[in-house]
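Engineer: Here the protein sequences come in this chain order: A and B. The opening residue of the first sequence carries number 1 in this note's numbering; numbering runs sequentially from there. The opening residue of the second sequence carries number 1001 in this note's numbering; numbering runs sequentially from there. We put the beta carbon where it would ideally sit given N, CA and C, even for glycine. Note that the structure is a prediction, hence the values are computed from the model and not measured.
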Amino acid sequence: RHDKDGSSFIQTVADVFTKKKGPVLELLTEVTRRMAEAELVQEGRVRKVNPEIMSTLRKRLYLQ
Amino acid sequence: MEAEIQPQPLEEETYDMSGARLALTLCVTEEREGSEADLDALERMFRQLRFENTTKENPTGQQFLEEMRTFQETLDGWAEPVSCAFVVLMAHGDEGLLKGVDEEMVELDSLFAALNNKNCAALRGKPKLFMVQACRGEHRDLGEAIGGDQVAVMEQEHPQTIPTFTDTVHVYATMEGHIAY
């Protein structure tokens, strides 16, 4: 979590869910892609983080 | 000779989202710098997606459970049909656990259970989204160089790395703890 900008996960979800259209699982794939590209630096070393998505949805879910 | 099978396109069945959309955000902000920015971003997102969101800050472990039960009662008592629930949980945590502001741990499964098809009639067969912003352990991922050719990658001005655990789909025959028939 960044002291001022917040967590990469919540910030990325909010950005993708408000600016992109598509089924939720595809939006979450975009969240994973963006987070996988990012390099976070902690104690001078690069750290990587990716969300884990587990779904039991039976249909496509659109929130827009 | 066997006839060649012609695969058909998937049916585009979607969830009906014409009813009410309710969200609950439970967030421990104490000793979690940056939480306010997350709460602001979520509020904007819920407004745009037409979710009626309730935010509770700094719940204790017990209050995490109580707020989920209250949310379930709100959903079941809602005057119009409900289409979808969206729950965001933010706190310190460990695998399967969230830590309340009082340091009491609460099991994530207990929180999820409040809205399952058995316990929440209003959401039976309807989509429920849970997002958890919390640690699930102590491991740090340093990533791996993309491409596999370490020498070539090291020559790049900006070496690219990829997380260790992407590009995998986990599909189990049944839920954790359940029999597979």
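State yes or no: is the beta carbon of P1009 (chain B) nearer than 9 Å to at least one beta carbon in chain D?
Structural biologist: Protein chains in the displayed structure are A and B, and chain D is not among them.
Engineer: Looking only at its own chain, which residues have a Cβ that is under 7 Å from the Cβ of G1137 (chain B), when we skip the five neighbours before and after it?
Structural biologist: As a position in the second sequence, residue 1137 (chain B) is number 137, starting the count at 1. The residues are D1094 and E1095.
Engineer: From B:D1016, B:E1144, B:A1020 and B:T1025, pick the residue whose C-alpha is nearest to that of K48 (chain A); which is it?
Structural biologist: As a working note, residue 48 (chain A) is residue 48 in the first sequence. The residue with the shortest Cα to Cα distance from K48 (chain A) is B:E1144.
Engineer: For F1165 (chain B), go through chain A and note every residue whose CB falls closer than 8 Å to its CB, in chain order.
Structural biologist: Stepping through the second sequence from its first residue, residue 1165 (chain B) is reached at position 165. Per Cβ cutoff of 8 Å: N50 and E52.
Engineer: Could you tell me the distance, in whole angstroms, from the CA atom of T1070 (chain B) to the CA atom of K21 (chain A)?
Structural biologist: Counted from its first residue, the second sequence places residue 1070 (chain B) at position 70. Counted from its first residue, the first sequence places residue 21 (chain A) at position 21. Roughly 31 Å between the two C-alpha positions.
Engineer: Compare the C-alpha of F1130 (chain B) against each of B:V1087, B:R1124 and B:L1142 and name the closest.
Structural biologist: Taking the first residue of the second sequence as position 1, residue 1130 (chain B) is located at position 130. Residue B:V1087 is the option with its Cα nearest to F1130 (chain B).
Engineer: In terms of residues, what are the limits of the beta strand (DSSP E) holding R1021 (chain B)?
Structural biologist: For the purposes of this step, residue 1021 (chain B) is taken as residue 21 along the second sequence, with counting starting at 1. Here the beta strand (DSSP E) through R1021 (chain B) covers A1020 to C1027.
Engineer: Indicate whether E1176 (chain B) and R58 (chain A) have their beta-carbon atoms separated by less than 9 Å.
Structural biologist: For this step, residue 1176 (chain B) is matched to residue 176 along the second sequence. For this step, residue 58 (chain A) is matched to residue 58 along the first sequence. Cβ atoms of E1176 (chain B) and R58 (chain A): not closer than 9 Å.
Engineer: Any idea what DSSP makes of K4 (chain A), helix, strand or coil?
Structural biologist: Numbered from its first residue, the first sequence carries residue 4 (chain A) at position 4. Note: K4 (chain A) maps to coil in three-state DSSP.
Engineer: Runs of 3 residues minimum, wholly inside the region 1042–1086 of chain B: which ones carry the beta strand (DSSP E) assignment?
Structural biologist: Counting only runs that start and end inside the region 1042–1086 of chain B, the beta strand (DSSP E) elements of at least 3 residues fall at 1052–1057.
Engineer: Could you name the residues of chain A that L1127 (chain B) contacts, counting a contact when the two beta carbons are closer than 7 Å?
Structural biologist: Working through the second sequence from its first residue, we reach residue 1127 (chain B) at position 127. Here residue 1127 (chain B) turns out to be Pro, not Leu, going by the sequence shown. Per Cβ cutoff of 7 Å: L57 and L61.
Engineer: By how many angstroms is the C-alpha of V1082 (chain B) removed from the C-alpha of K1128 (chain B)?
Structural biologist: Here residue 1128 (chain B) is taken as the residue at index 128 of the second sequence, counted from 1. Here residue 1082 (chain B) is taken as the residue at index 82 of the second sequence, counted from 1. Going by C-alpha positions, K1128 (chain B) is about 11 Å away from V1082 (chain B).
Engineer: Going by CA-CA distance only, name the one from B:R1050, B:E1031 and B:T1025 that's closest to D1040 (chain B).
Structural biologist: Taking the second sequence and counting its residues from 1, the one referred to as residue 1040 (chain B) is at position 40. Checked all of B:R1050, B:E1031 and B:T1025; the closest Cα to D1040 (chain B) is B:T1025.
Engineer: According to the Cβ coordinates, are A1023 (chain B) and A1085 (chain B) closer than 9 Å?
Structural biologist: As a first step, residue 1023 (chain B) is located in the second sequence; it is residue number 23 there, counting from the start. As a first step, residue 1085 (chain B) is located in the second sequence; it is residue number 85 there, counting from the start. Going by C-beta atoms, A1023 (chain B) is nearer than 9 Å to A1085 (chain B).
Engineer: Rounded to a whole number of angstroms, what is the C-alpha to C-alpha distance between G6 (chain A) and P1163 (chain B)?
Structural biologist: Position 6 of the first sequence, counting from 1, holds the residue named residue 6 (chain A). Position 163 of the second sequence, counting from 1, holds the residue named residue 1163 (chain B). Approximately 20 Å, taken between the alpha carbons.
Engineer: Would E1155 (chain B) be called buried (16 or more neighbouring beta carbons within 10 Å of its own) or exposed?
Structural biologist: Here residue 1155 (chain B) refers to the residue found at position 155 when the second sequence is read from its first residue. With a pLDDT of only 45 at E1155 (chain B), under the threshold of 50, the placement of this residue in the model should not be trusted, and no figure is reported.
Engineer: Whose C-beta lies closer than 6 Å to the C-beta of L28 (chain A) among residues of the same chain, with five residues either side of it excluded?
Structural biologist: Along the first sequence, one-based indexing puts residue 28 (chain A) at 28. Within the same chain, L28 (chain A) has close Cβ partners I53.
Engineer: Can you have a look at P1007 (chain B) and say buried or exposed, based on whether 16 or more other CB atoms are within 10 angstroms of its CB?
Structural biologist: Position 7 of the second sequence holds residue 1007 (chain B). Its Cβ having fewer than 16 others within 10 Å, P1007 (chain B) is exposed.
Engineer: Within 10 angstroms of its Cβ, does I1005 (chain B) collect 16 or more other Cβ (buried), or is it exposed?
Structural biologist: Looking up residue 1005 (chain B) in the second sequence gives position 5. Exposed: under 16 other Cβ atoms inside 10 Å.
Engineer: Can you list the residues of chain B that K4 (chain A) reaches, using a CB-CB cut of under 7 Å?
Structural biologist: Residue 4 (chain A) sits at position 4 when you count from the first residue of the first sequence. What K4 (chain A) touches in chain B: G1034 and A1037.
Engineer: Does any residue of chain B have a CB that is nearer than 9 Å to the CB of V41 (chain A)?
Structural biologist: Within the first sequence, the letter at position 41 stands for residue 41 (chain A). With 9 Å as the cut-off, V41 (chain A) does not count as an interface residue toward chain B.
Engineer: Within the chosen definition, does the region 1043–1061 of chain B reach the region 1111–1126 of chain B through at least 3 CB pairs nearer than 8 Å?
Structural biologist: no
Engineer: Would you say R34 (chain A) faces chain B, with C-beta separation under 9 Å as the test?
Structural biologist: Counted from its first residue, the first sequence places residue 34 (chain A) at position 34. R34 (chain A) does not count as touching chain B.
Engineer: Looking at T12 (chain A) and V41 (chain A), is the spacing between their C-beta atoms short of 9 Å?
Structural biologist: Sequence index remark: in the first sequence, residue 41 (chain A) carries index 41 (1-based). Sequence index remark: in the first sequence, residue 12 (chain A) carries index 12 (1-based). Remark: C-beta atoms of V41 (chain A) and T12 (chain A) do not approach each other more closely than 9 Å.
Engineer: With a Cβ-Cβ cutoff of 9 Å, do I1146 (chain B) and T1161 (chain B) count as a contact?
Structural biologist: As a position in the second sequence, residue 1146 (chain B) is number 146, starting the count at 1. As a position in the second sequence, residue 1161 (chain B) is number 161, starting the count at 1. Going by C-beta atoms, I1146 (chain B) is nearer than 9 Å to T1161 (chain B).
Engineer: Quick check on H1178 (chain B): buried or exposed, where buried means 16 or more other Cβ atoms within 10 Å of its Cβ?
Structural biologist: Here residue 1178 (chain B) refers to the residue found at position 178 of the second sequence. H1178 (chain B) should be labelled exposed.
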